[in-house]
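Undergrad: Mind looking over this structure? Questions follow.
Number of protein chains: 2
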Amino acid sequence: MKFEVTILGSGSSTPSLRRNPAAQLINIMENYFLVDCGEGTQIQMRKYKVKLQKIDHIFISHLHGDHYLGLIGMLQSMHLLGRKKNVHLYAHPDLKEMIDLHMKISQTRLTFSIVFHPLSYDEPKVIFENKYVTVSTVVLKHRIPCCGFVFREKEKPYPLDTQSAKALNVPMHAFNALKKGEDVQLEDGRTISFKEVTFNRPKSFSYAYCSDTAYLEKIIESIKGVDVLFHESTFTEELNDRAKETHHSTARQAATIALKAEVGQLVLGHFSVRYKSTENFLAEAGAIFSNTVAAEDGMVIRVY
Amino acid sequence: MKFEVTILGSGSSTPSLRRNPAAQLINIMENYFLVDCGEGTQIQMRKYKVKLQKIDHIFISHLHGDHYLGLIGMLQSMHLLGRKKNVHLYAHPDLKEMIDLHMKISQTRLTFSIVFHPLSYDEPKVIFENKYVTVSTVVLKHRIPCCGFVFREKEKPYPLDTQSAKALNVPMHAFNALKKGEDVQLEDGRTISFKEVTFNRPKSFSYAYCSDTAYLEKIIESIKGVDVLFHESTFTEELNDRAKETHHSTARQAATIALKAEVGQLVLGHFSVRYKSTENFLAEAGAIFSNTVAAEDGMVIRVY
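Heads up: the sequence lines are chains A and B, in that order.
Under our numbering, the first residue of the first sequence carries the number 14, and numbering increases by one thereafter.
Under our numbering, the first residue of the second sequence carries the number 14, and numbering increases by one thereafter.
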């Protein structure tokens, strides 16, 4: 059981040696989701031992260069390494045009297909689900259309208490229904309540990625109660005006959202290159929401 | 007096932690020329302390991703850092379309202008010159249109022998003509031969960049006698077939070109990611052309 986030890039628009532009890898029970893909993401993956070809789903928040300019090179490497599996890409429709143009001018015909899922920016939507996870959008407020993403584990089955099941002589074919929380009537006439033969349902965890955005209370309903929230904080409060002007947030604003949304932990990131340390970010946010950390490239956040 | 080349990326299509994709910075007397701009070039510049804003001329050999995908991010950083000076870009016309599309979809209006110089691929041409340098193309043979570039210092002035000039009472206004190698008739009727008052003309140096290309003897006339030749060698001879198929060269082929073109030094590069060492490249090329080195990221090659 695993739900962790690897920060591949914690910086913002101008990259530095310490911070690559935005990219995160989310691993939920060996389902790998890439969120944003700034320039150099594939190099970061090599550095932090992320296996490129395991990624099947890529989510791009918006089309500023620091969030997508590593994508074409990464797709190109997947191709050169002989990938056959589809890649699902969730992004603004304009990105397809950009990729198609590159493939045309470089005369490349990929060894795999890109299944393009255009995002819309009017209201939050579920854009992906499988047996374990749903991914939904958060509509952010930025200079161009921009979405965050919430990764939620689905309800988990009740773990079977095999000892009690054995003691009650429950046949195996009833296990699935019991684990789903259904009571089962047996052939011998007995009704077995799932509560008799299962343990408590394990918690389902969740992670929200919100970058880039101005302070926006409307997002609270989309991210309410997530276990971990990544919220951009490009600036600290003394550059509040600059944050407003560029549609970014300050550390204080990120913490205010975390507090109001009652999240478990706040991860700050997307720091402007002008800051040499995250000390002031942590002080500013920590005064409002104490369980706050600052993202660093290569950091692994355990959602549980 | 300086003529040096900084290797920013010595790898080929799939980047590794050791080798970034293609990019080189050429510094000729503080004139900075960037040749190719693979993904991550701007990060390499930070690593090797290259000043981004000093670059006024960018030459892109061809539109495979490993030679140009770092360009848009680099232009974007120039913009965010407030550049005003023009950037001159020499590339296939399709690159302009790609840049324009990015600027449109990211809603960016650059703070500076890009002066686009479309390359042609029919015959070698002089594409740039200033007081000190000319840059001309080399028509290479690759899967898509591709050019190499030759950087040649112009003829240098004869250094004035100030002692002799003083002894002969040569007036200052005659110096320029003498340094150009012209004899000068003075007001007092004397003719001063430039040979009397100057030292030998210093050598003008030259550097050629040839990547990507199949073995092509036709390029010899374009690069004849250059002091340093960078020639791609994506493979060693045992993958000769693969080289042919992908329009690349082997180390042996690069050395054969160096020998036939009578260059001073050969620099090998654009190594396929499959090779862990350059030992075999150097052995193979060295058997044909002894003054051969293997490029590494961060290496500085002194042309003189």
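Note that the Cβ used here is the ideal one computed from N, Cα and C, for glycine as well.
Check whether chain A comes within 8 Å of R315(B), counting only Cβ atoms and requiring the distance to be less than that.
TA: For R315(B), the answer is no, since every Cβ of chain A falls outside 8 Å of its Cβ.
Undergrad: Within 8 Å of any Cβ in chain A, is that where the Cβ of G299(B) sits?
TA: Not an interface residue.
Undergrad: Grab me the residues of V128(B)'s own chain with a C-beta within less than 6 Å of its C-beta, minus the 5 sequence neighbours each way, in chain order.
TA: These residues qualify, in order along the chain: N99, H101.
Undergrad: Could you round the C-beta distance between S23(A) and G282(A) to whole angstroms and report it? I think they count as a contact, below 8 Å.
TA: So it is a contact: roughly 5 Å between Cβ atoms.
Undergrad: Excluding five sequence neighbours on each side, which residues of the same chain lie with their C-beta closer than 6 Å to the C-beta of P28(A)?
TA: Excluding positions up to five away in sequence, the list reads P34.
Undergrad: So is E195(A) buried or exposed if we call it buried at 16+ other beta carbons inside 10 Å?
TA: Classification of E195(A): exposed, given that the 10 Å Cβ count is below 16.
Undergrad: Give me, in chain order, the residues of the same chain whose beta-carbon lies closer than 6 Å to that of F302(B); leave out the 5 immediate sequence neighbours on both sides.
TA: Hits under 6 Å: A268, A271, L272, L279.
Undergrad: For the alpha helix (DSSP H) containing Y220(B), list its first residue and its last residue.
TA: Element bounds for Y220(B): not the alpha helix (DSSP H) but the beta strand (DSSP E), 219-223.
Undergrad: Mind listing the chain A neighbours of M111(B)? Cutoff is C-beta to C-beta under 8 Å, in chain order.
TA: Those are M111, L114, H115, I118, listed as they occur along chain A.
Undergrad: Taking contact to mean at least 3 C-beta pairs separated by less than 8 Å, is the stretch 68-83 of chain B in contact with the stretch 36-48 of chain B?
TA: Because the criterion of three Cβ pairs below 8 Å is met, the stretch 68-83 of chain B and the stretch 36-48 of chain B touch.
Undergrad: Scan the stretch 29-104 of chain A and note each continuous beta strand (DSSP E) run of 3 residues or more that stays entirely inside, going in chain order.
TA: Within the stretch 29-104 of chain A, the complete beta strand (DSSP E) runs of at least 3 residues are 36-41, 44-50, 68-72, 100-104.
Undergrad: Who are the Cβ neighbours of T121(B) in its own chain at under 8 Å, not counting the five residues just before and after it?
TA: Only Q89, H92, H115 meet the Cβ criterion.
Undergrad: Determine contact between the stretch 221-232 of chain B and the stretch 243-250 of chain B, defined as no fewer than three beta-carbon pairs at a distance below 8 Å.
TA: Taking 8 Å as the limit for Cβ pairs, the verdict is that the stretch 243-250 of chain B does touch the stretch 221-232 of chain B.
Undergrad: Roughly how far, in whole angstroms, is the beta-carbon of P106(A) from the beta-carbon of P137(A), given that I think they are within contact range, below 8 Å?
TA: With a Cβ gap of about 18 Å, P106(A) and P137(A) do not count as contacting.
Undergrad: Determine contact between the stretch 205-215 of chain A and the stretch 157-174 of chain A, defined as no fewer than three beta-carbon pairs at a distance below 8 Å.
TA: Output reads yes: the stretch 157-174 of chain A touches the stretch 205-215 of chain A.
Undergrad: For R255(A), go through chain B and note every residue whose CB falls closer than 8 Å to its CB, in chain order.
TA: Neighbours of R255(A) on chain B: none; closest Cβ ~13 Å, over 8 Å.
Undergrad: Check this for me: beta carbons of R315(B) and E43(B), under 8 Å apart or not?
TA: No; because the gap between Cβ atoms is not below 8 Å, this pair is not in contact.
Undergrad: Between V276(B), T305(B), G53(B), which has its C-alpha nearest R265(B)'s C-alpha?
TA: R265(B) has its Cα closest to that of T305(B), out of V276(B), T305(B), G53(B).
Undergrad: State the Cα-Cα distance for the pair T318(B) and M185(B), rounded to the nearest angstrom.
TA: Since the first residue shown for chain B is 14 and the last is 317, residue 318(B) is missing from the structure and cannot be characterised.
Undergrad: State the Cα-Cα distance for the pair I20(B) and G161(A), rounded to the nearest angstrom.
TA: Roughly 38 Å separates the two Cα atoms.
Undergrad: Using 10 angstroms around the beta-carbon of A256(A), count the other beta-carbons present and answer buried if the total reaches 16, otherwise exposed.
TA: Classification for A256(A): buried.
Undergrad: Could you list which residues in chain A have their beta carbon closer than 9 Å to that of H77(B), in chain order?
TA: Within 9 Å Cβ-Cβ: Q89, S119, Q120, T121.
Undergrad: Check the DSSP bridge columns for L114(B) and list the partner residues they point to.
TA: L114(B) is not bridged to any residue.
Undergrad: Checking contacts by CB at 8 Å: is I157(A) closer than that to chain B?
TA: Taking Cβ atoms only, chain B reaches closer than 8 Å to I157(A), which makes this a yes.
Undergrad: Could you give the DSSP three-state label for I157(A): helix, strand or coil?
TA: Here I157(A) sits in coil by DSSP.
Undergrad: Note down, in chain order, every chain B residue with its Cβ under 7 Å from the Cβ of L132(A).
TA: Those do not exist, as L132(A) stays about 13 Å from chain B at its closest Cβ, beyond 7 Å.
Undergrad: Assuming V241(A) and G277(A) are in contact, meaning their beta carbons sit under 8 Å apart, how far apart are those beta carbons, in whole angstroms?
TA: Confirmed, Cβ separation roughly 6 Å.
Undergrad: Chain B beta carbons: is any one of them nearer than 8 Å to that of R165(A)?
TA: So, not an interface residue.
Undergrad: Any heavy atom of the ligand HEM closer than 7 Å to the Cβ of L47(B)?
TA: You won't find the ligand HEM in this model; it holds no ligand whatsoever.
Undergrad: Between E17(B) and chain A, is the shortest Cβ-Cβ distance under 8 Å, so that the two count as touching?
TA: Cβ-Cβ to chain A under 8 Å: no for E17(B).
Undergrad: So T263(A) contacts chain B; which residues on that side make the cut at Cβ distance below 8 Å?
TA: Within 8 Å Cβ-Cβ: nothing; T263(A) doesn't reach chain B, min ~19 Å.
Undergrad: What do you get for V63(B), buried or exposed, if any count of 16 or more other CB atoms within 10 angstroms of its CB means buried?
TA: Flag for V63(B) reads buried.
Undergrad: If you drop the 5 nearest sequence neighbours on each side, which residues of the same chain put their C-beta closer than 7 Å to that of Q66(A)?
TA: These residues qualify, in order along the chain: M91, L94, R96.
Undergrad: For a contact defined as C-beta to C-beta under 7 Å, what are the partners of V52(B) on chain A?
TA: One point to set straight first is that residue 52(B) is Glu, not Val, in the sequence displayed. By Cβ distance, chain A contributes E52, G53, G83, G86.
Undergrad: At a CB-CB cut-off below 9 Å, which residues of chain A make contact with R287(B)?
TA: Here the premise fails: no neighbours, minimum Cβ distance about 11 Å.
Undergrad: Please report whether the beta-carbon of R32(A) lies at a distance below 8 Å from any beta-carbon of chain B.
TA: By this cut-off, R32(A) is not an interface position.
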